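Colleague: One structure, as C-alpha coordinates, below. Some questions next.
In this note's numbering, the protein residues as written are 139 to 224.
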(Lines of atoms letter the chains of each structure in order from A and count residues from 1; the text may use other names and numbers.)
(Lines give C-alpha, C1' and ligand atoms only; values in the text may rest on other atoms or scores of the structure.)
Protein backbone atom coordinates (compact mmCIF):
# COMPACT_ATOMS: atom_id res chain seq x y z
CA UNK A 1 0.00 0.00 0.00
CA UNK A 2 1.43 3.36 -0.95
CA UNK A 3 2.00 6.06 1.64
CA UNK A 4 -0.55 8.39 0.02
CA UNK A 5 -3.34 5.81 0.05
CA UNK A 6 -2.45 4.86 3.62
CA UNK A 7 -2.74 8.50 4.71
CA UNK A 8 -6.01 8.99 2.83
CA UNK A 9 -7.51 5.99 4.62
CA UNK A 10 -6.46 7.47 7.99
CA UNK A 11 -7.82 11.00 7.53
CA UNK A 12 -11.16 12.21 6.32
CA UNK A 13 -11.06 15.79 5.09
CA UNK A 14 -14.29 17.73 5.32
CA UNK A 15 -15.41 21.25 5.97
CA UNK A 16 -18.38 22.66 7.82
CA UNK A 17 -21.82 22.37 6.28
CA UNK A 18 -23.99 25.15 4.91
CA UNK A 19 -25.53 27.49 7.49
CA UNK A 20 -28.52 29.41 6.13
CA UNK A 21 -27.82 32.28 8.54
CA UNK A 22 -24.63 33.02 6.56
CA UNK A 23 -25.40 32.57 2.84
CA UNK A 24 -22.58 34.76 1.50
CA UNK A 25 -19.04 33.75 0.60
CA UNK A 26 -17.63 35.92 3.37
CA UNK A 27 -17.69 33.68 6.44
CA UNK A 28 -16.29 36.19 8.95
CA UNK A 29 -19.57 36.57 10.80
CA UNK A 30 -20.09 32.80 10.78
CA UNK A 31 -16.67 32.34 12.36
CA UNK A 32 -17.32 34.90 15.10
CA UNK A 33 -20.87 33.69 15.82
CA UNK A 34 -19.75 30.09 16.26
CA UNK A 35 -16.95 31.21 18.59
CA UNK A 36 -19.47 33.10 20.71
CA UNK A 37 -22.00 30.23 20.56
CA UNK A 38 -19.38 27.73 21.73
CA UNK A 39 -18.53 29.71 24.84
CA UNK A 40 -22.20 30.45 25.56
CA UNK A 41 -22.89 26.72 25.26
CA UNK A 42 -20.12 25.61 27.60
CA UNK A 43 -21.06 28.35 30.09
CA UNK A 44 -24.63 27.04 30.09
CA UNK A 45 -24.09 23.27 29.83
CA UNK A 46 -20.45 22.61 30.73
CA UNK A 47 -17.48 21.50 28.64
CA UNK A 48 -18.60 17.86 28.62
CA UNK A 49 -21.84 18.64 26.78
CA UNK A 50 -21.28 17.02 23.37
CA UNK A 51 -23.40 19.36 21.16
CA UNK A 52 -21.10 22.26 22.11
CA UNK A 53 -18.29 20.59 20.20
CA UNK A 54 -20.06 21.34 16.89
CA UNK A 55 -19.63 25.08 17.49
CA UNK A 56 -15.97 24.54 18.33
CA UNK A 57 -15.38 22.45 15.21
CA UNK A 58 -16.93 25.18 13.04
CA UNK A 59 -15.00 28.09 14.52
CA UNK A 60 -11.73 26.11 14.48
CA UNK A 61 -12.34 25.40 10.79
CA UNK A 62 -13.41 28.88 9.70
CA UNK A 63 -11.48 31.28 11.95
CA UNK A 64 -7.84 32.22 11.48
CA UNK A 65 -5.72 31.15 14.48
CA UNK A 66 -4.66 34.74 15.09
CA UNK A 67 -8.28 35.82 15.58
CA UNK A 68 -8.96 32.99 18.02
CA UNK A 69 -5.82 33.84 20.01
CA UNK A 70 -6.86 37.51 20.14
CA UNK A 71 -10.40 36.63 21.25
CA UNK A 72 -9.04 34.23 23.89
CA UNK A 73 -6.87 37.04 25.26
CA UNK A 74 -9.84 39.42 25.24
CA UNK A 75 -11.99 36.89 27.12
CA UNK A 76 -9.27 36.41 29.73
CA UNK A 77 -8.86 40.15 30.29
CA UNK A 78 -12.61 40.76 30.39
CA UNK A 79 -12.92 43.02 27.35
CA UNK A 80 -14.39 40.62 24.77
CA UNK A 81 -16.80 42.55 22.50
CA UNK A 82 -19.77 40.18 22.99
CA UNK A 83 -21.68 38.72 25.91
CA UNK A 84 -20.87 35.08 26.59
CA UNK A 85 -23.66 34.64 29.14
CA UNK A 86 -26.14 31.90 28.20
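Backbone N, C-alpha and C define an ideal beta-carbon position, used for all residues, glycine too. Model, not experiment: these values are computed from the prediction.
Just confirm the distance between the C-beta atoms of residue 169 and residue 201, as a whole number of angstroms; I'd bet it's less than 8 Å.
Modeller: Along the chain shown, read from residue 1 onward, the residue named residue 169 stands at position 31. Along the chain shown, read from residue 1 onward, the residue named residue 201 stands at position 63. With a Cβ gap of about 4 Å, residue 169 and residue 201 count as contacting.
Colleague: Using the Cα positions of residue 208 and residue 166, report the straight-line distance between them to the nearest angstrom.
Modeller: Your numbering for residue 208 matches position 70 in the chain shown. Your numbering for residue 166 matches position 28 in the chain shown. Using only the alpha carbons, I get a separation of about 15 Å.
Colleague: Is residue 182 helix, strand or coil when you go by DSSP?
Modeller: Here residue 182 refers to the residue found at position 44 of the chain shown. If DSSP states are grouped into helix, strand and coil, residue 182 belongs with the helices.
Colleague: Are the CB atoms of residue 154 and residue 199 nearer to each other than 9 Å?
Modeller: In the chain shown, the residue the question calls residue 154 occupies position 16. In the chain shown, the residue the question calls residue 199 occupies position 61. In this structure, residue 199 lies closer than 9 Å to residue 154 by Cβ.
Colleague: Helix, strand or coil for residue 168, going by three-state DSSP, please let me know.
Modeller: By 1-based counting over the chain shown, the position of residue 168 is 30. The answer is helix: DSSP assigns residue 168 an H, G or I state.
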